[in-house]
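Those protein sequence lines, which keep their order, are chains A and B.
In terms of the numbering used here, the first sequence opens at residue 1 and continues consecutively.
In terms of the numbering used here, the second sequence opens at residue 1001 and continues consecutively.
Ideal Cβ positions, reconstructed from N, Cα and C, are used throughout, including at glycine.
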Amino acid sequence: MFDEKVIQMIIEGIGETLYMTLLPTFLGYVIGMPLGILLTVTDKDGIRPNAAVYKVLDFISNIFRSIPFLILLILLIPLTRLIVGRSYGSNAMVVPLTIAAAPYIGRMVESSLKEVDHGVIEAAQSMGASTWTIVFKVLLTEARTSLIVNATIVTATILGYSAMAGTVGANGLGAIAVRYGYNRYQADIMIVTVVLLVVLVQILQGIGMMLSRKFDRRRT
Amino acid sequence: MEPIIRIEHLDKTFQSKEGEVHALNDVSLDIFKGDIYGIIGMSGAGKSTLVRCLNFLERPTAGNVTVNAQELASLSERELREARKDIGMIFQHFNLLMQRSVIDNVCFPMEIAGLKKREAREKAMEYLKVVGLEEKARAYPAQLSGGQKQRVAIARVLASDPKILLCDEATSALDPQTTKSILQLLRQINRDYGITIVVITHEMAVVQEICSHVAIIDHGNLVEHGTVEEIFRAPKSREARRLIYQGYERVTEMKGKRCVRIVFSENSSFEPVIGNMVLAFKTPVNILYANTRDLDGVAKGEMVLQLPEDEILGDKMIAYLTGAKLAVEELKDYV
Chain A
1 MFDEKVIQMI IEGIGETLYM TLLPTFLGYV IGMPLGILLT VTDKDGIRPN
51 AAVYKVLDFI SNIFRSIPFL ILLILLIPLT RLIVGRSYGS NAMVVPLTIA
101 AAPYIGRMVE SSLKEVDHGV IEAAQSMGAS TWTIVFKVLL TEARTSLIVN
151 ATIVTATILG YSAMAGTVGA NGLGAIAVRY GYNRYQADIM IVTVVLLVVL
201 VQILQGIGMM LSRKFDRRRT
Chain B
1001 MEPIIRIEHL DKTFQSKEGE VHALNDVSLD IFKGDIYGII GMSGAGKSTL
1051 VRCLNFLERP TAGNVTVNAQ ELASLSEREL REARKDIGMI FQHFNLLMQR
1101 SVIDNVCFPM EIAGLKKREA REKAMEYLKV VGLEEKARAY PAQLSGGQKQ
1151 RVAIARVLAS DPKILLCDEA TSALDPQTTK SILQLLRQIN RDYGITIVVI
1201 THEMAVVQEI CSHVAIIDHG NLVEHGTVEE IFRAPKSREA RRLIYQGYER
1251 VTEMKGKRCV RIVFSENSSF EPVIGNMVLA FKTPVNILYA NTRDLDGVAK
1301 GEMVLQLPED EILGDKMIAY LTGAKLAVEE LKDYV
């Protein structure tokens, strides 16, 4: 059953799953980080309230987050083809995964930044700090522990999405689980992939928690 | 002499769901260089809003604020940021950057000003020496006590070399001993650096301790202002008197015309009836006469009380005394 070919397939599956998790998470942050910062800064209690900008961004990020990921993936097939050239395989999945991740990350970043004590922001303003300085030297640094914890949650969610994408043309552990467990009734291979997915999430979670503790200076 | 802070006809209105809230009404005040100016009021009186209008953390709805001969409303965003560097501020909850060490907190305003890191660090150590915390330079705020955090905040303010220091309830989260030491430090800064200090507080003790001048704010109105000595000697407004006597309004002259004679019997003499009544109504009565008599071998106490001017209060007091099983008799034209 678990001959060399299967083991080889599973190892490749781990690699592709990690690829489909980490790259979209990274690209998602490239879009989601500025989005979250803008949502925080332009909110009515933010440091530069701007109702128009806030409403537009708020609306867009809500729309994308309310579409279930599998449906979004199918909806985005034409765009994926345009960017990657085809709609299946790990590279193609990066497109819908990134687009699903970005607004979600935006919201996560927003909620982390809004945890920063308003008094500290006020203190920075009273010193004559610019909006730019407050964003980079107050908001992002003061919220870093929460940002790291949320990045861990985001990564685990994207890993889940990448497994879901296994049903419609992705590779990786999710695809293996679908192919063997669902199409061929080979429960043993499916169980192995499921265990591996659990282990991956555990490792990511462990790394995230370790980093957030390492960077937290609030302990006595 | 030109005042360093001039507040003219300041109004601040907040829009809330229930409608408009007038936080400040037509407040005018001059503060001169070197003053330690106390602004005192009950919570919700508008004093925190007032102090935030002095560096435009809060923009006034109407009126002018002139600081260092600059009218704040006329400044551009960039000019306002520059002007703020001359106006330091410390807060009730210290508002330190929790993820930065003590010395990096003190360096923060110098980073904003664009100083070189080495130079900033050297200066920061000097300021930490001034507040007596140089050995805590590498510690993080979470490792410090409240008083130490406020000292770091003061060092941070000194780092921007301000002309004015605004203190928003800066000692309200501290115990009395620490409060005293922080106030001493503020006085030292006022003296050594010539920094004008504005102190927002709800405690008269703070004003007495360090302020040269005081303004009393009540419901968004400036009700009285002057030197601390003047206000203490002869408070004119009701609010000033209330703050000075902290909770009690001392009655200096009894104007009430109603007097009652009460008689204690033996069994009621153990309960401090008069004392309890004064506490219950938070209004004093005047004891005009008191005596004990021996009536048929039984000791009887009698007392004549002058009741407060307020009719209804007087009636309530009579009812209270009657309720305590005393003989109460109203006297006509006793005073």
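For the alpha helix (DSSP H) containing residue i, name the first residue and the last one.
i, result
"Phe215(A)", "First-last for Phe215(A): undefined, no H or E at that position."
"Gly85(A)", "Note, Gly85(A): premise wrong, no alpha helix (DSSP H); not H, not E."
"Gly119(A)", "His118 to Ser126"
"Glu1329(B)", "It is not in any alpha helix (DSSP H) - Glu1329(B) instead sits in the beta strand (DSSP E) that spans Ala1327 to Leu1331."
"Cys1107(B)", "Val1102 to Ala1113"
"Phe1264(B)", "Segment Cys1259 to Phe1264 is the beta strand (DSSP E) holding Phe1264(B); no alpha helix (DSSP H) there."
"Ile63(A)", "Ala51 to Ser66"
"Ser162(A)", "Arg144 to Met164"
"Thr1178(B)", "Pro1176 to Tyr1193"
"Met1277(B)", "Val1273 to Phe1281"
"Gly174(A)", "Leu173 to Ile176"
"Val1131(B)", "Val1131(B) -> no alpha helix (DSSP H), and no H or E assigned at all."
"Leu75(A)", "Phe69 to Leu75"
"Arg1156(B)", "Gly1146 to Ala1159"
Taking residue i as part of the beta strand (DSSP E), name the residues at either end of that continuous run.
i, result
"Tyr1037(B)", "Ile1036 to Ile1040"
"Leu1305(B)", "Val1298 to Gln1306"
Helix or strand or just coil, what does DSSP make of residue i?
i, result
"Pro34(A)", "helix"
"Gly1247(B)", "The predicted model places Gly1247(B) with a pLDDT of 48, which falls under 50 and marks its position as unreliable, so this point remains unresolved."
"Leu1222(B)", "strand"
"Tyr1217(B)", "Looking at the sequence itself, residue 1217(B) is Ile, so the reference to Tyr does not match. It is a strand residue."
"Cys1053(B)", "helix"
"Thr1292(B)", "strand"
"Lys1316(B)", "helix"
"Thr1227(B)", "strand"
"Leu1075(B)", "coil"
"Ile47(A)", "coil"
"Met9(A)", "helix"
"Asn1095(B)", "coil"
"Asp1026(B)", "strand"
"Leu18(A)", "helix"
"Glu115(A)", "coil"
"Ile28(A)", "The question names Ile, yet the displayed sequence has Gly at residue 28(A). In the structure shown, Gly28(A) sits in a helix (DSSP, three-state: H, G or I)."
"Lys1255(B)", "coil"
"Arg81(A)", "helix"
"Lys1116(B)", "coil"
"Arg179(A)", "helix"
"Arg1242(B)", "helix"
According to DSSP, which residues form a beta bridge with residue i?
i, result
"Ile1031(B)", "Ile1005(B)"
"Leu1166(B)", "Met1089(B) and Val1198(B)"
"Gln1070(B)", "Val1067(B)"
"Ile1210(B)", "Ile1210(B) pairs with nothing; no bridge assigned."
"Gln1015(B)", "Glu1020(B)"
"Leu1010(B)", "Val1027(B)"
"Ala1062(B)", "Asp1011(B)"
"Asn1286(B)", "Gln1306(B)"
Show which residues of chain D have a CB atom less than 7 Å away from the CB atom of residue i.
i, result
"Arg1084(B)", "Absent from the structure is chain D; the protein chains it does hold are A and B."
*For the region 22–34 of chain A, which residues have a CB atom closer than 7 Å to at least one CB atom of chain B, in sequence order?*
Correct list: empty, as no residue qualifies.
*Is it true that the region 25–32 of chain A meets the region 74–90 of chain A, where meeting means three or more beta-carbon pairs spaced less than 8 Å apart?*
Touching, no, given that fewer than three Cβ pairs across the two stretches are closer than 8 Å.
*Members of the region 109–127 of chain A that neighbour chain B once the beta carbon cut-off is set at 8 Å*: Cβ contacts with chain B come from Asp117, Gly119, Val120, Glu122, Ala123, Ala124, Gln125, Ser126 and Met127.
*Cβ-based contacts, 7 Å cut-off: residues of the region 1014–1039 of chain B near chain A*: Residues: none.
*Taking 8 Å as the threshold, find out whether the region 78–90 of chain A comes into contact with the region 2–12 of chain A through three or more Cβ pairs.*
Contact fails: fewer than three Cβ-Cβ distances are below 8 Å.
*Using a Cβ cut-off of 7 Å, which residues of the region 1043–1059 of chain B contact any Cβ in chain A, in chain order?*
With the criterion set as a beta carbon lying under 7 Å from some beta carbon of chain A, the members of the region 1043–1059 of chain B are Asn1055 and Leu1057, in sequence order.
*Please list the residues of the region 1091–1124 of chain B that have a C-beta atom closer than 9 Å to any C-beta atom in chain A, keeping them in chain order.*
If the cut-off is 9 Å between Cβ atoms, the region 1091–1124 of chain B has Phe1091, Gln1092, His1093, Phe1094, Asn1095, Leu1096, Leu1097, Met1098, Gln1099, Arg1100, Ser1101, Phe1108, Pro1109, Glu1111, Ile1112 and Ala1113 near chain A.
*Indicate whether the contact test is met: 3 or more Cβ pairs, each with one atom in the region 1091–1100 of chain B and one in the region 1135–1146 of chain B, closer than 8 Å.*
As far as the Cβ criterion goes, the region 1091–1100 of chain B touches the region 1135–1146 of chain B, which means the pair count is three or higher.
_Which residues of the region 59–85 of chain A have a Cβ closer than 9 Å to any Cβ of chain B? Give them in chain order._
Those residues of the region 59–85 of chain A that come within reach of chain B (Cβ to Cβ, closer than 9 Å) do not exist; the list is empty.
_At least 3 beta-carbon pairs within less than 8 Å: the region 117–126 of chain A vs the region 154–171 of chain A_ = No, they do not touch.
*Short-range partners of chain A found in the region 1129–1143 of chain B, where Cβ spacing is below 9 Å*: Result list: Tyr1140, Pro1141, Ala1142 and Gln1143.
_Residues from the region 1301–1319 of chain B in contact with chain A, defined by Cβ distance under 7 Å_ = Listed in sequence order: no entries.
*Would you be able to state if there are at least three C-beta pairs under 8 Å between the region 1209–1226 of chain B and the region 1037–1047 of chain B?*
Output reads yes: the region 1209–1226 of chain B touches the region 1037–1047 of chain B.
*Interface positions of the region 1156–1171 of chain B facing chain A (Cβ-Cβ less than 7 Å), listed along the chain*: Cβ contacts with chain A come from Ser1160.
*Give the residues from the region 190–220 of chain A that approach chain B closer than 8 Å (Cβ to any Cβ), ordered along the chain.*
The residues in question are Phe215, Asp216, Arg217, Arg218, Arg219 and Thr220.
*Are three or more beta carbon pairs between the region 1069–1083 of chain B and the region 127–136 of chain A nearer than 8 Å?*
Yes, the region 1069–1083 of chain B touches the region 127–136 of chain A.
*Between the region 1154–1161 of chain B and the region 1103–1119 of chain B, do three or more beta carbon pairs fall short of 8 Å?*
Judged by Cβ distances under 8 Å, the region 1154–1161 of chain B makes contact with the region 1103–1119 of chain B, as three or more pairs qualify.
*Three CB pairs or more closer than 8 Å across the region 98–105 of chain A and the region 31–51 of chain A*: They touch, by the three-pair rule.
*Using Cβ-Cβ distances below 7 Å, what residues of the region 1059–1083 of chain B are close to chain A?*
If the cut-off is 7 Å between Cβ atoms, the region 1059–1083 of chain B has Arg1081 and Glu1082 near chain A.
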